[in-house]
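Below is one structure, written out as structure tokens, with a few remarks after it.
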Ligand code: IDP
Ligand code: MG
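In this note's numbering, the protein residues as written are 841 to 980.
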């Protein structure tokens, strides 16, 4: 299997509820190494740009305002099959539908405050990692 990189974001609820360490521990135990990491307050423009694919969706405004409601933790994760592995660890978008033992099932409150973002394809992962990190900030 190929070594991949993917973007993970611990959303404002995960940061506010002090789950940063537990979430990163799950990634590391699963063989996903945070090769770049930064805590940051996103601006409205950054959040809108990041979620531009969802611009036409009815939840876009709420999604952006939630994402700028507090600091997030941005990470590039590296490991075998990293894109799918991260999605498996996250669980379904709606925490009520997420499998037991996933990050969203264990920590998320709602479909808005669902604790983590993860890239959904290798192509999106490349773009999303590059959206937040320069190559010189990534150390494998
Ligand atoms: P994902 O985060 O599991 O990849 P996406 O469909 O890419 O899910 O949606 C991006 C984010 O938008 C979700 O994580 C969630 O916070 C929010 N979202 C998605 N669908 C809904 C919805 O039906 N209502 C409210 N928020 C939603
Ligand atoms: Mg998505």
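Cβ atoms here follow ideal geometry from the backbone N, Cα and C, with glycine treated the same way.
- Secondary structure remark: continuous alpha helix (DSSP H) runs of at least 4 residues inside the stretch 877-924, in chain order: 884-890 and 900-907.
- Annotation: the continuous beta strand (DSSP E) that includes residue 849 extends over 843-850.
- Excluding five sequence positions before and after residue 918, the CB atoms of its chain that fall closer than 6 Å to its own CB belong to 845, 873, 875 and 980, given in chain order.
- CA-CA distance, residue 948 to residue 870, rounds to 20 Å.
- For the options 973, 848 and 857, the alpha carbon positioned closest to that of residue 927 is the one of 848.
- Out of 955, 952 and 921, the CA that lies nearest to the CA of residue 842 is found in 921.
- If you draw a straight line from the Cα of residue 972 to the Cα of residue 959, it comes to about 13 Å.
- Inside the stretch 936-980, DSSP marks whole alpha helix (DSSP H) runs of 4 or more residues at positions 943-947 and 962-972, from first to last along the chain.
- In this structure, the C-beta of residue 902 stays at least 7 Å away from each heavy atom of the ligand MG.
- Where residue 871 is concerned, there is no enclosing alpha helix (DSSP H), because DSSP gives it neither an H nor an E.
- With 16 or more other CB atoms across the displayed protein chains lying within 10 angstroms of its CB, residue 854 is buried.
- The ligand MG has a heavy atom closer than 7 Å to the beta-carbon of residue 960.
- Here residue 890 is buried, its C-beta having at least 16 other C-beta atoms within 10 Å.
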